[in-house]
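*Asks:* Residue numbers (the numbering used here), protein chains in the order written: chain B, -4 to 341; chain D, -4 to 341; chain V, -4 to 341.
By construction, the Cβ of each residue, glycine as well, lies at the ideal position given by its N, Cα and C atoms.
Supplied in structure tokens, the structure appears directly below.
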Amino acid sequence: MAYTLRELAAVAQATMQGNAESEIDAVAPLDRAGARHIAYCASGHYRSLIPESTAGALVLLPEDADLFPGNALLCHDPRTAFARIANLLHPRETVVPGRHPSAVIDPSALVSESASIGPQAVIEAEAVIESGVVVGPGVVVGARCVIGANTRLEARAVIMHDCLIGKRCVISPGAVIGGEGFGYVREQDGHWLVVPQLGRVVIGDDVDVGANTTIDRGALGDTVIGEGVKLDNLIQIAHNVKIGDNTAMAGCVGVAGSAVIGKRCMIAGGVGIMGHITVGDDVEVTAMSFLKSSVDGPGRFSSSLPATSADIWARNVGRFRHFDQLARRLRRAEQTIKQILSGGKH
Amino acid sequence: MAYTLRELAAVAQATMQGNAESEIDAVAPLDRAGARHIAYCASGHYRSLIPESTAGALVLLPEDADLFPGNALLCHDPRTAFARIANLLHPRETVVPGRHPSAVIDPSALVSESASIGPQAVIEAEAVIESGVVVGPGVVVGARCVIGANTRLEARAVIMHDCLIGKRCVISPGAVIGGEGFGYVREQDGHWLVVPQLGRVVIGDDVDVGANTTIDRGALGDTVIGEGVKLDNLIQIAHNVKIGDNTAMAGCVGVAGSAVIGKRCMIAGGVGIMGHITVGDDVEVTAMSFLKSSVDGPGRFSSSLPATSADIWARNVGRFRHFDQLARRLRRAEQTIKQILSGGKH
Amino acid sequence: MAYTLRELAAVAQATMQGNAESEIDAVAPLDRAGARHIAYCASGHYRSLIPESTAGALVLLPEDADLFPGNALLCHDPRTAFARIANLLHPRETVVPGRHPSAVIDPSALVSESASIGPQAVIEAEAVIESGVVVGPGVVVGARCVIGANTRLEARAVIMHDCLIGKRCVISPGAVIGGEGFGYVREQDGHWLVVPQLGRVVIGDDVDVGANTTIDRGALGDTVIGEGVKLDNLIQIAHNVKIGDNTAMAGCVGVAGSAVIGKRCMIAGGVGIMGHITVGDDVEVTAMSFLKSSVDGPGRFSSSLPATSADIWARNVGRFRHFDQLARRLRRAEQTIKQILSGGKH
């Protein structure tokens, strides 16, 4: 559906330049946008593409306005403005209510008339599927789960029994919510005795969970994911973890059991977070780091090493193995120098 | 179902304090347990909560007995005792035998009368499903697999053809057992020629496999998971790996091809284990470490770096890049000092 | 099906030694091969097993020919020769065309007569399934996807809407192609605004994707996987990544958004690749390394630290925390030494 530049300016809270009545159908990349497309440029890196753009309109920083002779929307945060415009021009498909005949729905489940239940889905006893929910193909919703209004469970996602998912969430394909936590005690003969995992996963509103990400149910209490949390793909959240509102984690992060993570944290890809630690609000952890002990926020933490040429690396690693001795040698050298300087006997 | 304190004391091998006939229904966390709940405290960290607990009974260390006026079970390992009690009070749901009409079961498969086959499951030709097995919703069991008695395959788990799973195993949702190993040889023009993966995955009794964990089939021989092994979520086990009995691995571990891992090892989260190495019995590897070469057990190994403030980290990393030169400079300084001390000509 | 040694020599481009008419049924490991099996030895490590092998034939290096009195094929790359022979002796099962009655196929989908659609599969509107494709049990193919000829989608793989998969690909069980990329902008109040993910995943011919691996669709443009790329299990490929032809990645690799990776790269297990960087052709990255910035190829890069005894490690890590100060102390010691040598006043 088309919108005028004027309408887009309103949603983007931007200043207009050019023809307010020109119509835009879709968003597009800066270098491939056509006459009915809108694109954006927020950084110097792509600035040189602005003058040549054939877009019907651009979202630009005010200081770049002169670079483009066509229609433009000017604002201080073109990326956010563009995201608002993209959500307007490309809304999610309307939910078509109904139950695919191949879906298996327990008679005791409460499924809203306005929900869409896809082919091969399974909804177990006493589950509650609220209004506007989309249950994708092959999804499994366990017994007594509650899926909040307008949430989407994508293809083959699994929600195990008794878990609660908030409203407007997206659970991506293959994600597993509510698997049993990894809880064992070791017997003296080396065997592991399982500790029953009796808690749930409780997920707030507006949470997104990535593809094949796993969130284990709590052992005694619950695993709790706050409102607005965004989790990328292939993340592991262990039992009894708590994640504060609006925290975001990139792909391949692992969070060990009972860690408590604050609000608005940003955890980059590949990070490991130790169990039983507390992470304050507004903490950032850089990619591939290992957060081993509790930290207060705000703050930015890191322990990753960037790759270099493998032969240089091998030499440095060789030194690292003897780091402690090397530091001791330096200490001795300093002491000797001090003796020399003091004129003491050598 | 309720048990008396006397019955719980017997299963926990603990000393009783208080009313032996008081009844307990369920386990609960120390700070939320009610009159018919039992909780535990094993560590100093939570000791301050003991006196205020409203639990019907507590499992405590003998030295903490005086802190609690109510019913208590005293023993030297409250966590293990509590795990035994929790297993008694919260047994797994009884398996309801039967085959859901939506399941697709090949006529040549041998499915025990006492097994439970869930909705949308697929059981392929000549597979064997032994007594008491639970095949969850949407599970796929490939041709000629054998699933041992009382094993549970949870929602959407996939067991590819010809794999053997022992008795009393739990394969968590989304786990993939028996995918093809990553085996290729490189042609001179850069193309990869696939090496057929002709082995199986053979899993012993009492093995637990976590959600979305993957275990590849062997190339020529088999991938072998010993008895009592416990694997957490999102673990990758490559082709021809052997894992010894009762070894446990936490989430996000990756084990490369043909690694041989001993018994009773404890591999913490995020660890990488190199291919073709041998790891002895009773080896521990700390979280986020990289085990690159063979090690004997028992022993504890590590290579992880804990995160610190990002700006301090950046300075240290900058130094690391020149570690080799720095070590050479120290060597020269030491030699010069020696020359000075020996009164040699400078 | 049996082949003569002569036939195997032809496919392996090897020199024969022994009885050209002897028949071989199957490949086997060197130490377990019987009279109708063929095995190989390419490395010194297993050379001692050659003389005792009971195999019907061996593939050997020419210099090892004298070690084995039986039938042999001699060539300079026994592993590649063996792979060719294994592909001949163990071809994939013939595809049996047809549609399982439990599969749900949208009437607007175009499914080739020669394709095989497994039980519980879902094929959505306007999807195209070309000739010889195998759609495994429980697979989901989204609307408007195109699956190229002779590709296999294994059990429970998910291909989200509008994605293109080339010919002769293998998408392993549980893999998710075309999940939504992790794209958000942060509002001033800390909430995350989703950026619609409007691109596709475009996968070339002869690509293999491992079990539970995830490849996200592009935000505006596409995520592109080149021809002949091989991806192992549990890999995360973020939105708008480009991977060049014949690049291979081992398990648990994570590639962040918009990274551009060259041709014929070899990325070992557990590697993290930063977003928005460019990696040249023929780049190798060693296991568990973090490629943080762009590199040209060819070249080999590393940043992993091998595990050592945990107590030695702890001492070295302690030193690392003060690396910057230590380097400064060395600098001062060097300067003092220079002053001493120059006879300046101390």
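From the DSSP output, which residues share a beta bridge with G18 of chain D?
*Replies:* First, the residue type needs correcting, since residue 18 of chain D is Glu and not Gly in the sequence shown. Per DSSP, D:T(-1).
*Asks:* Hey, I33 of chain B and L53 of chain B: beta-carbon distance below 9 Å or not?
*Replies:* Taking the C-beta atoms as reference points, L53 of chain B is found nearer than 9 Å to I33 of chain B.
*Asks:* Do L69 of chain V and L55 of chain V have their C-beta atoms closer together than 9 Å?
*Replies:* yes
*Asks:* Looking at chain D, which residues of the stretch 231 to 243 of chain B have a Cβ within less than 8 Å of any of its Cβ atoms?
*Replies:* Q231 and A233
*Asks:* Could one say the Cβ of H95 of chain D lies closer than 9 Å to chain B's Cβ atoms, at least one of them?
*Replies:* yes
*Asks:* Which two residues bound the contiguous alpha helix (DSSP H) that contains I307 of chain D?
*Replies:* In the DSSP assignment, I307 of chain D falls within the alpha helix (DSSP H) that extends over A305 to F315.
*Asks:* Considering Cα atoms alone, identify which of D:H71, D:P73 and D:C247 is closest to N207 of chain V.
*Replies:* Per the Cα distances, D:C247.
*Asks:* Measuring only between beta-carbons, confirm whether C247 of chain D sits less than 9 Å from chain V.
*Replies:* Chain V contact via Cβ: present.
*Asks:* Taking one C-beta from the stretch 199 to 219 of chain B and one from the stretch 162 to 177 of chain B each time, how about it: are there three or more such pairs within less than 8 Å?
*Replies:* By the Cβ test, the stretch 199 to 219 of chain B is in contact with the stretch 162 to 177 of chain B, since at least three Cβ pairs between them sit closer than 8 Å.
*Asks:* Buried or exposed for A265 of chain V, please, with buried defined as at least 16 other CB atoms from any protein chain shown within 10 angstroms of its CB.
*Replies:* The question names Ala, yet the displayed sequence has Gly at residue 265 of chain V. Buried.
*Asks:* Within a Cβ cutoff of 6 Å, which residues of the same chain sit near H341 of chain V, ignoring the five residues on either side of it in sequence?
*Replies:* Unreliable positioning characterises H341 of chain V in this predicted model, as indicated by a pLDDT of 46, which lies under 50. The coordinate reading is nonetheless provided below. So the list is empty, once near-sequence residues are dropped.
*Asks:* From Q8 of chain B to A254 of chain V, what distance separates their C-alpha atoms?
*Replies:* 32 Å
*Asks:* Whole angstroms is fine: what's the gap from G176 of chain D's alpha carbon to N82 of chain V's?
*Replies:* 15 Å
*Asks:* Any Cβ of chain V within less than 9 Å of the Cβ of T218 of chain D?
*Replies:* Nearest CB-CB separation between T218 of chain D and chain V: not below the 9 Å threshold.
*Asks:* Can you find a C-beta in chain V that's less than 9 Å from the C-beta of D276 of chain D?
*Replies:* no
*Asks:* Mapping the DSSP letters down to three states, classify F318 of chain D as helix, strand or coil.
*Replies:* Of the three classes helix, strand and coil, the one that applies to F318 of chain D here is helix, per DSSP.
*Asks:* Would you verify that the beta carbon of L321 of chain D is, or is not, closer than 9 Å to some beta carbon of chain V?
*Replies:* yes
*Asks:* Sort B:A104, B:I262, B:D291 and B:E108 by Cα distance to R139 of chain B and report the nearest one.
*Replies:* B:A104
*Asks:* Here's the rule I'm using: 16 or more other beta-carbon atoms within 10 Å means buried, otherwise exposed. How should M(-4) of chain D be labelled?
*Replies:* exposed
*Asks:* Helix, strand or coil for I272 of chain B per DSSP?
*Replies:* If DSSP states are grouped into helix, strand and coil, I272 of chain B belongs with coil.
*Asks:* Does T281 of chain B pass the burial test, meaning 16 or more other C-beta atoms within 10 Å, or should it be called exposed?
*Replies:* buried
*Asks:* Considering only C-alpha positions, which residue in the set V:G249, V:D319, V:L321 and V:R314 is nearest to K287 of chain V?
*Replies:* V:G249
*Asks:* With a CB to CB cut of under 6 Å and the five nearest residues on each side skipped, what residues in its chain are close to S298 of chain B?
*Replies:* S284 and F285
*Asks:* Work out the CA separation of I19 of chain V and P57 of chain V for me, nearest whole Å.
*Replies:* In a straight line, the C-alpha of P57 of chain V is about 21 Å away from that of I19 of chain V.
*Asks:* Check whether chain V comes within 9 Å of K340 of chain B, counting only Cβ atoms and requiring the distance to be less than that.
*Replies:* For K340 of chain B, the predicted structure reports a pLDDT of 49, less than 50, and the residue's modelled location is therefore unreliable. A value from the coordinates is still provided. Not closer than 9 Å to any Cβ of chain V, the Cβ of K340 of chain B fails to qualify, so no.
*Asks:* Going by other Cβ atoms of all chains shown within 10 Å of its Cβ, with 16 needed for buried, is S289 of chain V buried or exposed?
*Replies:* exposed
*Asks:* Assuming contact is defined by CB atoms lying nearer than 9 Å, are G216 of chain D and P73 of chain V in contact in what I supplied?
*Replies:* no
*Asks:* Thinking W187 of chain B and G161 of chain D are a contact (beta carbons under 8 Å), I'd like their distance in whole angstroms, please.
*Replies:* W187 of chain B to G161 of chain D, Cβ: 15 Å. No contact.
*Asks:* Have a look at A4 of chain D and R212 of chain B and give me their C-alpha separation to the nearest angstrom.
*Replies:* 28 Å
*Asks:* On the three-state DSSP scale, how would you describe I124 of chain D?
*Replies:* strand
*Asks:* Out of B:V180, B:D227 and B:V197, which has the shortest C-alpha to C-alpha gap to V189 of chain B?
*Replies:* The residue with the shortest Cα to Cα distance from V189 of chain B is B:V180.
*Asks:* Rounded to whole angstroms, what's the CA-CA distance from A120 of chain B to H95 of chain D? Just pull it up for me.
*Replies:* Answer to the nearest angstrom: the Cα atoms are 14 Å apart.
*Asks:* If you measure between the beta carbons of L328 of chain B and A328 of chain D, is that distance less than 9 Å?
*Replies:* The sequence as given places Ala at residue 328 of chain B; Leu does not occur at that position. In this structure, A328 of chain D lies closer than 9 Å to A328 of chain B by Cβ.
*Asks:* From the DSSP secondary-structure annotation, give me the bridge partner or partners of Q12 of chain B.
*Replies:* Looking at the DSSP assignment, Q12 of chain B forms a beta bridge with B:A67.
*Asks:* Give every residue of the same chain whose Cβ lies closer than 6 Å to the Cβ of I268 of chain B, excluding the five residues on either side of it in the sequence, and list them in chain order.
*Replies:* V250, A254 and L286
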